[in-house]
DNA sequence: GTGTAAATGTTATAATATGTTCGTTTTCCT
DNA sequence: AGGAAAACGAACATATTATAACATTTACAC
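Chains as they are written, first to last, in my numbering: chain R, 81 to 338; chain H, 81 to 338.
What follows is the structure in structure tokens.
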């Protein structure tokens, strides 16, 4: 079993998963008569390509059984700030409310914090948010209809816009891809920007979440301005001058650390 | 059974719950040939994923886990027949069509077969179908809006019905929970039955998929009759007398083995 | 052959997992 | 209720595994 090309060995390793639910480094090293290091490198390579996850001592199948709507890498980017912002946003939520939760990684963190909330109705175009909350006992999730956007687990298009018009919400949470220095809110996708605009119309109050890395940038599609927003939550690393300017536009500006 | 990586062992422990509703620390320790302390640590880790509930001496399934496994179990049940039926259904699909795919394990198998289709539009209330097809390059997936049904990855309710009315499809595929001997189609959920009825209205042609174990049964909600159906696909194990009767009602009855 | 890049092995160090002991808590039996 | 037996959890010692850096081998072109 020695002297196999790496690709062949990796394919054979992959095939182990058909019958077993996981493999061990030591076992594979023995079977293929290579060092554990080689097996580890194989598993690291396989982890990138497909549905396995490395663990201590081996690897297991990622059992994304039903809903595989994940943002992968983007979710990790500046996650601490996003979580802090989400925790602050969580405080605005009262039992019994109807919330709109936009798509995005920051709102997804907020969704995770709402799992144990009581008697909430959450309306969202995000499959990731819906997936996160689908088992939450105190939360009724209403997913907007629409076309699934390629590469991103959310819904957009005329159907989404039409669905959204059917609702009225107490409070909407929205991430932003960029916030201009003049307080303009930007999305990097035109279809999303349309949905976001309507969202602002059907929600009574409106909260924008964005970490400091988004401030001072622009993106493809303008979708409004902070002047129309009730709350703007960001982290303390945001430039103070910009925050002062934003506050003068109207929204209550809340900063959290880190 | 020794020397398994922790994650693999934990996965196998999880799988015990598919057949049993509880496990014991001592039993697992014996089976995996590890100390009770290790099993306890495993169970503590699994409890963290919110799927199981630890008890004295072992662990039991939590409600959510039961539903999850219920779904997985249903998917495995008679899967060969479902796949054969789905393969036959696949032949009805032409490039460029707009399809309605209902929720259900058989239609989910069909969705898997449509991954490499060209230029299709698929409209579905099923999150599982959407998940399966979200990365298919030749398929545009439109998800209907609606309330996420507890314990089942699909959408129902007035919003779903409203969304559905926006569309017109060439061909609809629908599973059935039961087919009465008189050709009546049944669902086990009232909300689903309503969606299914509308689906029949907005589709030009209509195809019902059901393996032989569904035939001759009844369920909670009537949603129509095979007389209104264009194709009925089942497997050869279905009683010939019933199939003959069904064929006289109108649909083209197709049987596949196994 | 010789040079180069890829693959593999080796080592030291860090991280993680496991078993054991023992005091505490829970369960079960009378 | 009271007490024995079982199970639990914390803390420690031990063993296994991961990672990174470097050395070695192999593969393949020219």
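All residues carry an ideal CB built from backbone N, CA and C; glycine is no exception. The model shown is predicted, which means the values in this text are computed figures rather than measured ones.
Residue i burial status per 10 Å Cβ neighbour count (16 or more: buried)
i	result
residue 316 (chain R)	exposed
residue 218 (chain H)	exposed
residue 100 (chain H)	exposed
residue 328 (chain R)	exposed
residue 171 (chain H)	exposed
residue 88 (chain R)	exposed
residue 28 (chain H)	Since the first and last residues shown for chain H are 81 and 338, residue 28 (chain H) lies out of range.
residue 128 (chain R)	exposed
residue 85 (chain R)	exposed
residue 183 (chain H)	buried
residue 332 (chain H)	exposed
residue 196 (chain R)	exposed
residue 113 (chain H)	exposed
residue 94 (chain H)	buried
residue 271 (chain R)	buried
residue 320 (chain R)	exposed
Rounded distance between the beta-carbons of residue j and residue i, thought under 8 Å
i	j	result
residue 251 (chain H)	residue 284 (chain H)	7 Å
residue 279 (chain H)	residue 207 (chain H)	No, residue 279 (chain H) and residue 207 (chain H) are not in contact; Cβ-Cβ is about 17 Å, not under 8 Å.
residue 209 (chain R)	residue 225 (chain R)	Residue 209 (chain R) to residue 225 (chain R), Cβ: 15 Å. No contact.
residue 255 (chain H)	residue 326 (chain H)	16 Å between Cβ atoms; not a contact.
residue 83 (chain H)	residue 104 (chain R)	6 Å
residue 212 (chain R)	residue 191 (chain R)	5 Å
residue 228 (chain H)	residue 214 (chain R)	5 Å
Limits of the alpha helix (DSSP H) - the one that residue i falls within
i	result
residue 278 (chain R)	270-282
residue 106 (chain H)	105-112
residue 209 (chain H)	207-213
residue 163 (chain H)	159-170
For residue i, the first and last residue of its enclosing beta strand (DSSP E)
i	result
residue 304 (chain R)	301-305
residue 222 (chain H)	219-223
residue 264 (chain H)	264-267
residue 240 (chain H)	Taken as a continuous stretch (DSSP letters only), residue 240 (chain H) belongs to no beta strand (DSSP E), being part of the alpha helix (DSSP H) at 238-244.
Contact test: residue i Cβ vs the ligand GTP heavy atom, cutoff 7 Å
i	result
residue 104 (chain H)	This structure lacks the ligand GTP, and indeed carries no ligand of any kind.
Close Cβ partners of residue i (< 7 Å) along its chain, the five nearest in sequence each way excluded
i	result
residue 177 (chain R)	200, 250, 251
residue 165 (chain H)	186, 289, 291, 313, 314, 315, 336
residue 125 (chain R)	90
residue 160 (chain H)	338
residue 275 (chain H)	205, 236, 240, 241, 244
residue 261 (chain H)	296, 322
residue 193 (chain H)	166, 167, 170
residue 247 (chain R)	203, 282
residue 277 (chain H)	303, 304
Residues near residue i in its chain [Cβ-Cβ closer than 6 Å; skip 5 each side]
i	result
residue 163 (chain R)	189
residue 273 (chain R)	267, 301, 303
residue 175 (chain R)	198, 199
residue 286 (chain R)	252, 280, 309, 310
residue 222 (chain R)	203
residue 318 (chain H)	292, 295
residue 233 (chain H)	207, 208
residue 119 (chain R)	105, 108, 109
residue 297 (chain H)	258
residue 123 (chain H)	134, 139
residue 305 (chain R)	263, 264
residue 330 (chain R)	307
residue 97 (chain R)	141
Per-residue DSSP class, three states only, for residue i
i	result
residue 229 (chain R)	coil
residue 325 (chain H)	helix
residue 100 (chain R)	coil
residue 122 (chain H)	helix
residue 290 (chain R)	coil
residue 185 (chain H)	helix
residue 337 (chain H)	coil
residue 92 (chain H)	helix
residue 200 (chain H)	strand
residue 317 (chain H)	coil
residue 128 (chain R)	helix
residue 145 (chain R)	Its pLDDT being 43, under 50, residue 145 (chain R) is placed unreliably in this model, and the coordinates cannot settle the point.
residue 251 (chain H)	strand
residue 191 (chain R)	helix
residue 34 (chain R)	Outside the displayed range of chain R (81 to 338) lies residue 34 (chain R), so it cannot be described from this structure.
residue 46 (chain R)	No statement about residue 46 (chain R) is possible, as the shown extent of chain R runs from 81 to 338 and does not include it.
residue 260 (chain H)	coil
residue 138 (chain H)	strand
Beta-carbon proximity list for residue i, same chain, < 8 Å, skipping 5 on both sides
i	result
residue 334 (chain R)	168, 311, 312, 313, 314
residue 154 (chain H)	185
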